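Worksheet: one structure, shown below.
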Amino acid sequence: MNALCTGILSTMMPIQFRGDPDRKRLYLSFDDGPNPNTPKLLDILEYHGVKATFFILGKRIVNRESTLSAIFAAGHRIGNHSFSHLSARTLSYSALLDDMDRCAQEIHRIQPQWQPGICRPPYGKLSVGFVRYAVAREQRIVMWSKDAVDYRAPTADAIFARVHDVQNGDIILFHDEFPVTHQALEQLIPYWKEKGHEFAAL
Ligand SMILES: [Zn+2]
60 MNALCTGILS TMMPIQFRGD PDRKRLYLSF DDGPNPNTPK LLDILEYHGV KATFFILGKR
120 IVNRESTLSA IFAAGHRIGN HSFSHLSART LSYSALLDDM DRCAQEIHRI QPQWQPGICR
180 PPYGKLSVGF VRYAVAREQR IVMWSKDAVD YRAPTADAIF ARVHDVQNGD IILFHDEFPV
240 THQALEQLIP YWKEKGHEFA AL
């Protein structure tokens, strides 16, 4: 989507594609956790003093309750990425609402004090129904301005090459499960800090 389209969309609907363009601030976001590799990522973020945002899949919480708690305890932001990861475009509105609410219930089961407020559609597939859900539940939809495409990156260097050149306020999409993502972040975070960027949760 081009800048004009995303700009117009953002003024009309609760959809965010990037942060403040006037601050040297980046927003790292991680989709589809928790998973067995999330604790490793949490260690990396803690080592570098970075706060990030995790878009959680409800179906992955069972047996990983402690990982979800660790994300929360580390001060990262948690958003709703649905329970089942079905595309919003394939579901009826009531099925979509149930799927998103089911994820929120799962997060609340582990973290009763969690403040729901942000969400991201599976596969980034926006739909009328998803926007309707966000309005109904007073959620901000958070997309991204830069995609690491880490799910099919052959090496950490490929990820570095794709995302190192950033602009103020970029929201960068990663996934917490891939070792290449972790390796890339070990290079990227110091590189971005060197350029004067800071990091924040959404
Ligand atoms: Zn996803």
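Those letters in the sequence shown? Residues 60 to 261, per this note's numbering, in order.
For every residue, glycine included, the Cβ atom is placed at its ideal position computed from N, Cα and C.
Computed from a predicted structure; not experimentally measured.
query, result
"What I want to know is whether the C-beta of TYR210 ends up closer than 7 Å to one or more non-hydrogen atoms of ligand 1.", "no"
"Cβ-heavy atom distance between PRO181 and ligand 1 below 7 Å?", "yes"
"Do the CB positions of THR126 and PRO98 come within less than 8 Å of each other?", "yes"
"Kindly indicate which three-state DSSP category GLU197 falls into: helix, strand or coil?", "coil"
"Quick check: the Cα distance between LEU227 and ASN122, rounded to an integer number of angstroms?", "At residue 227 the sequence reads Asn, which differs from the Leu that was named. Near 38 Å, if we compare the C-alpha coordinates of ASN122 and ASN227."
"Who does CYS178 pair with in a DSSP beta bridge?", "ASN139, ILE200"
"Which residues in the same chain have their Cβ closer than 8 Å to the Cβ of ASP79, if we skip the five residues on either side of it in sequence?", "ASN227, GLY228"
"Going by CA-CA distance only, name the one from ALA133, LEU247, LEU156 that's closest to LEU145.", "LEU156"
"Would you call the segment 182-190 and the segment 214-222 in contact, with 3 or more CB pairs under 8 Å?", "no"
"What would DSSP say about THR112, mapped onto helix, strand or coil?", "strand"
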